[in-house]
Amino acid sequence: MNILRLTALTALAVTPLPGQQVQLNGAGATFPNIIYQNWIITYNQKFDNVELNYQSIGSGGGIRQFSDKTVDFGGSDAPMTDSAIVAIQGNVLHIPTVLGAVVPTYNLPGFTGTFRFTPAILADIFLGKLTKWNDPRLAAANPGVTLPNTDILVVHRSDGSGTTYVWVDYLTKVSPEWAQKVGRGTSVNWPVGLGGRGNEGVAATVRQTPGAIGYVELGYALINKMAVGQVQNRAGNFITPTLESVTAAAEGAMADMGPTTDFRVSITNPGGAQAFPIASFTWLLVRKEYPDAVQARELVKFIWWSLTEGQAQAPRLGYAPLPKAMLPWVEARLKTVSAGGRAVWRGPAAQ
Amino acid sequence: MTSATTESVAPPAPASLRRRNRGDPLYRGVVTALALALPLLLLVLVAELAVNARPAMRRFGWGFLTSSTWDPVAEVYGAAPMIFGTLVSSLLALVIAVPLALGVAIFLTEFAPRWTRKPVAFLVELLAAVPSVVYGLWGIFVLIPFLRTYAVPPLKAALGWTPLFQGVFYGNSMLAGGIILAIMIVPYIAAVSREVILAVPASQREAALGLGATRWEAVWSAVLPYGRPGIIGAVMLGLGRALGETMAVTMVIGNRHDIGLSVLQPGYTMAAAIANEFSEATTDLYLSALFEVGLILFVITVAVNALARLLVWRVARGAAIGSKAL
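Protein chains in written order, with our numbering: chain A, 3 to 353; chain B, -13 to 312.
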């Protein structure tokens, strides 16, 4: 392994000949790790001239290592901040790879069916202002259902995470009070509730505690068949979180983004009648300018493969694929990747 | 002294022997380097922590130790709830674990049928081999439901009037954290205490029994006082372990930045916060604040160990003076 890396490094230092092994190292977000590893395995079976590595060390670590140039690409569930981008002279592209969503999950003994949440209800529960499951406002959103007189217990993530970022980013958009008191971040100063470590920690606490409500990542909820609530979207419809309604969220957000977007956008609370409103991209961080053309070209080729053929793997692994209409936009961004001032990739046709 | 005299008396070694002895200084150099490497590592560790914690120290000063706000969005950090939670959960663990572990040790050395001693001691020590994440899972799925259904309602009925058992009990709490920690440190305290009690000379017991003491009185008045320094050492070993435990605690303690007297409320510990937040700490100040938490945890652990040494030393000296008086 070490010898391989060493030879790869020396090879890179003296501009490798075509056909030589190219090594690409990445690190970052844990959320997309499963599909990235799958992509890497499948891709390596087809193209054995590239050795790809991705370490799931967390978005924060990914951004740091990418900025320090200890890895060739990064992964993040939250876009880099303006100041972080200035610190690396703007040398970064955000390339969306798949979509994730964060869903409310609850434990309400005796309640069958799907609970319906409005944005204001979710925000007030997490602000600690709504404390009973039979509050008239909850009853109004769930007509024809008898709700128990149980205390609401909020469960949130205790570890910093992209899941938290998406959840509170949504609450920040829909509730001015949340925006002012708490705000958005990978971890925040929670007004109420208990912290569970990881999706599994939140899920376990919710499952064990009658009256609890928490949020978990959609793929996790689907695989573990958890009780998830519907959330009312901007169009006023109550939407069940599914992979389709998450892809629809990205479609809905495209109108706000425009074809020249840098993809550094939050797509929570998007337009679109069928859009589930708490969805997000996960990004690969790629440099605009690489020192080595061969390396840069292989990286872009891998990303393009992930965004086209690779997308078919997404639903099976619990990720929502990107909307097809978005591909030309991503292609345009990838074409700007250069080495020594010259573009390294001319698009799928020239590949 | 003696070696010096022998050297001066001994005739000079033959040349061949002297040459072979060149290995000795080399050997000495190597082991000295190895011995110095560890303290050096410790110093580097402290220096690294301190350097990285500098920005947070400069920004928040001593207020870092007393403020309860931990707000990564507004970049305001205070570690008081975590320091409080670390100390309280560890003390709670000691309150539960020390009687339990001493009971185990005394039973195994003094009262258990001889053939059961080895297997039971082995099983207790096996507890130390269980990974902490397994304790955490067990805490979530077994301990917390048990506490919620069977243990806490009667506790609240009996002691609900004290501030220690007030408030709503959700399960994840200081109490759950303390109990998990207690179970984790029992094997350490029990194993060391057992060795200590075994090392107490039989003459101590025989003398007490000869004076007409019951077996219980012999243990209490002769064996335990004799082994006190060792037992205190065992307890401090357990405490050190409890202070630094991360995974099992974070899974059951509730991870809430809050200071409350009630053990039924959720809390937080320093080790848990570092493990939870480090990987996603995106800003420099955030990271620096976590480094400072690490530094505080380090200082507290060192202080506890120093205190333990001091205590053991004083008790041992006290015992020596006592025996002289006899």
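In this text, a Cβ means the ideal position worked out from N, Cα and C, and glycines have one as well.
Per-residue burial, residue i [other beta carbons within 10 Å of its own, 16 or more giving buried]
i                     : result
residue 258 (chain A) : exposed
residue 169 (chain A) : buried
residue 306 (chain A) : buried
residue 250 (chain B) : buried
residue 336 (chain A) : buried
residue 34 (chain B)  : exposed
residue 99 (chain A)  : buried
residue 252 (chain B) : buried
residue 313 (chain A) : buried
residue 295 (chain B) : exposed
residue 288 (chain B) : exposed
residue 43 (chain A)  : exposed
residue 225 (chain A) : exposed
residue 5 (chain A)   : Annotation note: pLDDT 49 at residue 5 (chain A) (below 50); position unreliable, coordinate value reported separately. That one is exposed.
residue 51 (chain A)  : exposed
residue 78 (chain B)  : buried
residue 72 (chain A)  : exposed
residue 173 (chain B) : buried
residue 299 (chain B) : exposed
Enclosing beta strand (DSSP E) for residue i [first to last residue]
i                     : result
residue 217 (chain A) : 214 to 219
residue 55 (chain A)  : 52 to 58
residue 97 (chain A)  : 95 to 108
Top-ranked residue by Cα proximity to residue i, from the options
i                     : options                       : result
residue 153 (chain B) : B:15, B:247 and B:92          : B:247
residue 253 (chain A) : A:96, A:327, A:315 and A:69   : A:327
residue 81 (chain B)  : B:273, B:128, B:222 and B:268 : B:222
residue 110 (chain B) : B:126, B:122 and B:88         : B:88
residue 221 (chain A) : A:146, A:248 and A:267        : A:248
residue 230 (chain A) : A:250, A:59 and A:104         : A:104
residue 256 (chain A) : A:202, A:318, A:291 and A:330 : A:330
residue 183 (chain A) : A:149, A:131, A:196 and A:141 : A:131
residue 54 (chain A)  : A:227, A:284, A:302 and A:154 : A:302
residue 226 (chain B) : B:165, B:72, B:271 and B:211  : B:72
residue 349 (chain A) : A:309, A:321 and A:324        : A:309
residue 161 (chain B) : B:235, B:211, B:103 and B:148 : B:235
residue 174 (chain A) : A:116, A:270 and A:263        : A:270
residue 245 (chain B) : B:70, B:36 and B:144          : B:70
residue 24 (chain A)  : A:296, A:304 and A:57         : A:296
residue 229 (chain B) : B:210, B:291, B:51 and B:186  : B:291
residue 316 (chain A) : A:351, A:90 and A:102         : A:102
Residues that residue i bridges to, as DSSP identifies them
i                     : result
residue 57 (chain B)  : B:62
residue 24 (chain A)  : A:52
residue 157 (chain A) : A:196 and A:216
residue 291 (chain A) : A:340
residue 285 (chain A) : A:78 and A:98
residue 241 (chain A) : A:233
residue 29 (chain A)  : A:57 and A:76
residue 119 (chain A) : A:233
residue 134 (chain A) : A:153
residue 345 (chain A) : A:340
residue 322 (chain A) : A:101
Beta carbon of residue i nearer than 8 Å to that of residue j
i                     : j                     : result
residue 171 (chain B) : residue 238 (chain B) : no
residue 68 (chain B)  : residue 256 (chain B) : yes
residue 63 (chain A)  : residue 30 (chain A)  : yes
residue 156 (chain A) : residue 127 (chain A) : yes
residue 277 (chain A) : residue 108 (chain A) : no
residue 158 (chain B) : residue 199 (chain A) : no
residue 64 (chain B)  : residue 53 (chain B)  : yes
residue 240 (chain A) : residue 118 (chain A) : yes
residue 186 (chain A) : residue 167 (chain A) : yes
residue 65 (chain A)  : residue 269 (chain B) : no
residue 280 (chain B) : residue 260 (chain B) : yes
residue 183 (chain B) : residue 84 (chain B)  : no
residue 274 (chain B) : residue 59 (chain A)  : no
residue 223 (chain A) : residue 291 (chain A) : no
residue 191 (chain A) : residue 55 (chain B)  : yes
residue 90 (chain A)  : residue 69 (chain A)  : yes
residue 211 (chain A) : residue 156 (chain B) : yes
Element boundaries [alpha helix (DSSP H), containing residue i]
i                     : result
residue 142 (chain B) : 138 to 145
residue 27 (chain B)  : 9 to 46
residue 178 (chain A) : 178 to 183
residue 194 (chain B) : 188 to 196
residue 84 (chain A)  : 84 to 89
residue 206 (chain B) : From DSSP, residue 206 (chain B) is part of no alpha helix (DSSP H); its letter is neither H nor E.
residue 241 (chain B) : Run containing residue 241 (chain B): none; DSSP gives neither H nor E here.
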